[in-house]
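Residue numbers (the UniProt record's numbering), protein chains in the order written: chain A, 1 to 288; chain B, 1 to 288.
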């Protein structure tokens, strides 16, 4: 049925024309200054997802710097962002032939219209397509069951914690071995693994990798800790332009101590390349 | 012999009174601005060690912020530092009850006396002594032979690459399993492990941990790559005040690809606590 087939083709989003692109698009107000209305579509309960915010800042810096791809980006999350108006202010720190460094801050507005800083970022950009193809990665992809044996929010009962808009925008299929928490039986292991993509079918790119490193449920859930685990700082390395198709994300926590934990994320693409690595430091609110 | 015993006691350095403290001490020129003469004592061949520089910036921020201990610090290395005069300029980004965030840049001077930025840092500080003692670390210390079965530069022939002043200031005993490179037989594995301390006996503290995460030989050597492996960015998490006594440092590289590699460092103290974790992105200059 050609008409239905072309309708299906027309519906699948592409890099540059997708929910994610529209919701991370900024308007340049003047050189280095960008306005955006932060979407309510990438929230977990009421909190705007940190990876979505990182992608917004990442896109601003890609415009401000002479190099287009984030190589390493460190974000400090200062105050909680809300859906609504925001401004990103960027500074060029250094430009080089193959690498450039930039800084960016995202602000929102208080009731008097004053700018309140939400996130500050320091990042080094380059050109992923110019990297030599010499690959000596010794890390191996995570072992995750085939996607059809993994589970997303749509496969279970109503979400545990109420509505999370981001769930509608992601294709997230979790490894059942890291899903005990959703059934009241957390394994006690600081692990979270999932197949990951965007619900509208858009393939991954360096900016959606910035979302991917912070879009899974917290490892704290599987350790057996409920409640909020806010990110203090997150550093991501983007090592390769991801191949089309679903990603595999594997997150590990090994150092829960003193009220903080780290989450180490690896993102693997369909060509078995380790395309992104990140580590975040998060605060654990322990019930006492 | 009481007199000789007290002479021995007097020689051992302490936190606050040691080479490391003297060489990382800054002079406050005005609020937020600090002068320092970068020591030639922490160089590898002619390059000032990145961990020493991170410690310098860390100490400046500790003075500028209301909290004394680095919790997470991200550094972007822009241009190569030289021994000699430098200035650190800090900004307070946000202060809170338990955490504060700051930014700092280290500059040196060109021939016209203009400031050239060497390193920019973003960091979150807190009070390590106020953290709850709930420790659920699942990571385990690295397996390293006892110190007497490990080897430092003093145990081998003349240093491979000429003099490195930093070697005189460190107590570094490498695991023979990660020393193949020094004998012309690199294992091919991206690993480097060592016992680590300061040569004058000063115990570790959060600032010397910033040195420790970047003071071992590059994993690239053991992979079989010689030559310079400059750090682009390094992020360190300081999770615990280290106990007295030697540290164990274990560094791993799993993703050498496209002319870059990551080095993941773990630092363990004598009480078997995982006191620091870091990841750096470094550039590999491959001979072609």
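Heads up, the beta-carbon is just placed ideally off N, CA and C, and yes, glycines get one too.
Relative to residue 167 of chain A, the option among A:240, A:155, A:80 and A:105 whose CA is nearest is A:155. For residue 232 of chain B, the residues of chain A that pass the 8 Å Cβ criterion are 71, 72, 99 and 124, in the order they occur in the chain. By the 16-neighbour rule on beta-carbons within 10 angstroms, residue 205 of chain B is buried.
For residue 181 of chain A and residue 149 of chain A, the gap between their C-alpha atoms comes out near 17 Å. If only uninterrupted beta strand (DSSP E) runs of at least 3 residues are considered, those enclosed by the UniProt domain "Acyl-CoA thioesterase-like C-terminal" (162–284) of chain B are 170–174, 191–198, 231–238, 247–252, 260–268 and 274–283. Residue pairing of residue 117 of chain A in beta bridges, as defined by DSSP: A:107. For residue 54 of chain A, the three-state secondary structure derived from DSSP is helix.
Going by DSSP, residue 91 of chain B is part of the beta strand (DSSP E) stretching over 84–95. For the pair residue 220 of chain B and residue 102 of chain B, the Cα-to-Cα distance works out to about 32 Å.
Counting of Cβ neighbours within 10 angstroms places residue 57 of chain B among the buried residues, the total reaching 16 or more. Residue 257 of chain B is a Cβ neighbour of residue 135 of chain A, given a cutoff of 8 Å. Taking a Cβ-Cβ cut-off of 8 Å, residue 35 of chain B has no neighbours in chain A, whose nearest Cβ is about 22 Å from it. The three-state secondary structure of residue 100 of chain B, taken from DSSP, is strand. Beta bridge pairing from DSSP links residue 78 of chain A with no other residue. For residue 84 of chain B, the number of other beta carbons within 10 angstroms of its own is below 16, and it is reported as exposed. For residue 35 of chain B, the enclosing beta strand (DSSP E) stretches over residues 33–38. In this chain, residue 12 of chain B is not harboured by any alpha helix (DSSP H), its DSSP state being neither H nor E. Under DSSP, residue 28 of chain A shares a beta bridge with A:34.
Rounded to the nearest angstrom, the gap between the Cα atoms of residue 247 of chain A and residue 175 of chain A is 13 Å. Counting C-beta atoms within 10 angstroms of its own C-beta, residue 203 of chain B has 16 or more neighbours from the protein chains shown and is therefore classed as buried.
Proximity of chain A to residue 262 of chain B at the Cβ level (cut-off 9 Å) is accounted for by 237, 239 and 277, in chain order. At a cut-off of 8 Å between beta-carbon atoms, residue 132 of chain B makes contact with chain A. Sequence-ordered contacts of the segment 138–167 of chain A with chain B read 138 and 139 [C-beta pairs closer than 7 Å]. In this structure, residue 274 of chain A keeps its C-beta atom at 8 Å or more from the C-beta atom of residue 49 of chain B. Only 105, 117 and 120 from the segment 105–120 of chain B bring a Cβ to less than 9 Å from some Cβ of chain A. The segment 63–76 of chain A makes contact with the segment 114–129 of chain A, as at least three CB pairs between them are under 8 Å. Cβ-Cβ separation between residue 65 of chain B and residue 240 of chain B: approximately 19 Å, too far for a contact (criterion under 8 Å).
In the structure shown, residue 70 of chain B falls within a strand segment according to DSSP collapsed to helix, strand and coil.
With fewer than 16 other CB atoms across the displayed protein chains lying within 10 angstroms of its CB, residue 140 of chain A is exposed. For residue 21 of chain B, the enclosing alpha helix (DSSP H) starts and ends at 19–23. Under the three-state reduction of DSSP output, residue 139 of chain A falls in the coil class, being neither helix nor strand. DSSP lists no bridge partner for residue 60 of chain A. A distance below 6 Å between beta-carbons, with the five flanking residues on each side excluded, links residue 52 of chain B to the following residues of its chain, in chain order: 42 and 211. Taking 8 Å as the CB threshold, residue 285 of chain A stays off the interface with chain B. Between the C-alpha atoms of residue 226 of chain A and residue 40 of chain B there is a straight-line separation of about 50 Å.
Under DSSP, residue 44 of chain B takes part in a beta bridge, and its partners are B:47.
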